[in-house]
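First the structure, in the form of structure tokens, and then the observations on it.
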Amino acid sequence: MTTIVDSTDIFKPLLKYVMQTSKTVPRYGVDLFFCTFYADKDDPTGTEESKSKRVFFVINQTMFADSLEEAKVLASTWDVLPDEFKKHLIATVPTMERDREQLWKLQEDFQPYGNGECWNVIDAITPALYDLPSRLSSGTFCPLDYYPNEYDQALSLPQKCYVSSMLCWKDPKRDAFMDKWLLDAYTKADTVSSGVYVADLNIKHRMTKWLRIRNKWDPSETFVGHRGFASILNQSDPHL
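Mind the numbering: the sequence shown is residues 5 to 244 in the working numbering, read in order.
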């Protein structure tokens with residue numbers, strides 16, 4: 005089930021609506037995914053800057069069910085969009101059956117390789133989701149109910165949701181600008197967060213970079229699992 009809304013003029017009230025509505029979604033058998041992107045993200049003639057400046061908001065729910073009918077029941081929370089948002093509706097994709105390979109392909113196509121007051125949270129995370137720094141960038145918001153036992157699990161941060169920004173650009177001259185945007189957006193988001201992590205998804209040098217970081221902090225090779233692919237350090241990489 006997918007609904008796409010033009011959130012340009014209604015972003016904060018729309019985000020408040022999906023945050024509140026997500027609380028009524030069944031806790032089991034579903035996977036919620038909210039995503040933001042510029043309207044011209046897939047423009048083959050586009051440059052680094054978005055020309056449209058329209059920010060689309062995707063409401064997506066995946067159901068793991070035994071039948072299509074059961075899946076539709078699980079998705080029924082989103083059947084009716086409030087009147088205040090209906091005129092901003094761009095498209096809807098009805099509930100349909102997909103296998104796991106199709107699900108992963110959809111994701112790959114779109115994103116290659118305080119006291120808890122609701123408005124405080126929305127203000128804090130809006131830059132990371134809405135003020136996207138390039139045409140190819142997108143934002144991700146996933147609601148969770150995760151309260152792990154720190155004695156049993158390595159990932160022990162309790163969280164109600166996670167927010168991420170998938171930044172994509174091609175012009176090296178924009179590196180400093182993108183770095184500053186990331187710092188500013190997540191400095192603000194950090195005020196309502198329980199933790200932050202950064203992932204480097206540049207496929208042309210991420211392995212080399214990771215191995216060099218590993219070597220810096222484990223020069224005596226206490227952990228040896230990297231040896232099977234350490235030969236990449238000997239390869240010439242113009243991006244380093």
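Ideal Cβ placement from N, Cα and C applies to all residues, glycine included.
Just so we're clear, the structure is a prediction, and the values are computed from it rather than from any experiment.
Which of helix, strand or coil DSSP assigns to residue i
{"i": "S138", "result": "coil"}
{"i": "A69", "result": "coil"}
{"i": "K213", "result": "helix"}
{"i": "A180", "result": "helix"}
{"i": "V22", "result": "helix"}
{"i": "D35", "result": "strand"}
{"i": "D149", "result": "strand"}
{"i": "D194", "result": "helix"}
{"i": "E105", "result": "helix"}
{"i": "E52", "result": "coil"}
{"i": "E74", "result": "helix"}
{"i": "G199", "result": "coil"}
{"i": "V228", "result": "coil"}
{"i": "P131", "result": "helix"}
{"i": "P223", "result": "coil"}
Length of the line joining the Cα atoms of residue i and residue j
{"i": "C146", "j": "D222", "result": "34 Å"}
{"i": "T130", "j": "G199", "result": "17 Å"}
{"i": "V34", "j": "Q65", "result": "7 Å"}
{"i": "R104", "j": "T40", "result": "23 Å"}
{"i": "K192", "j": "D70", "result": "42 Å"}
{"i": "T7", "j": "F60", "result": "10 Å"}
{"i": "I14", "j": "R218", "result": "45 Å"}
{"i": "R102", "j": "M5", "result": "11 Å"}
{"i": "P48", "j": "E225", "result": "46 Å"}
{"i": "V167", "j": "E52", "result": "23 Å"}
{"i": "P242", "j": "T212", "result": "Reliability fails at P242, whose pLDDT of 44 lies under 50, so the model's placement of it is uncertain and the value that follows must be treated cautiously. If you take the alpha carbons of P242 and T212, they lie about 11 Å apart."}
{"i": "L107", "j": "M23", "result": "23 Å"}
{"i": "L244", "j": "Y201", "result": "Unreliable placement is indicated for L244, whose pLDDT of 39 sits below 50; the coordinate value is still reported in the next sentence. If you take the alpha carbons of L244 and Y201, they lie about 22 Å apart."}
{"i": "F227", "j": "K220", "result": "13 Å"}
{"i": "M182", "j": "E74", "result": "44 Å"}
{"i": "K184", "j": "F68", "result": "40 Å"}
{"i": "L110", "j": "G229", "result": "32 Å"}
{"i": "S54", "j": "P30", "result": "37 Å"}
Beta-carbon proximity of residue i to residue j, cut-off 8 Å
{"i": "T144", "j": "T81", "result": "no"}
{"i": "T195", "j": "A128", "result": "yes"}
{"i": "C165", "j": "L148", "result": "yes"}
{"i": "Y190", "j": "A132", "result": "yes"}
{"i": "G50", "j": "R139", "result": "yes"}
{"i": "S197", "j": "L171", "result": "no"}
{"i": "T96", "j": "A79", "result": "no"}
{"i": "D44", "j": "S56", "result": "yes"}
{"i": "Y21", "j": "P86", "result": "yes"}
{"i": "I126", "j": "L36", "result": "no"}
{"i": "L136", "j": "V9", "result": "no"}
{"i": "F38", "j": "I63", "result": "yes"}
According to DSSP, residues forming a beta bridge with residue i
{"i": "S168", "result": "T144"}
{"i": "T6", "result": "N64, V97"}
{"i": "V59", "result": "Y42"}
Closer than 8 Å to chain C by CB, residue i
{"i": "K57", "result": "Any reference to chain C falls outside this structure, which holds one protein chain only."}
Range of the contiguous alpha helix (DSSP H) that encloses residue i
{"i": "K90", "result": "87 to 90"}
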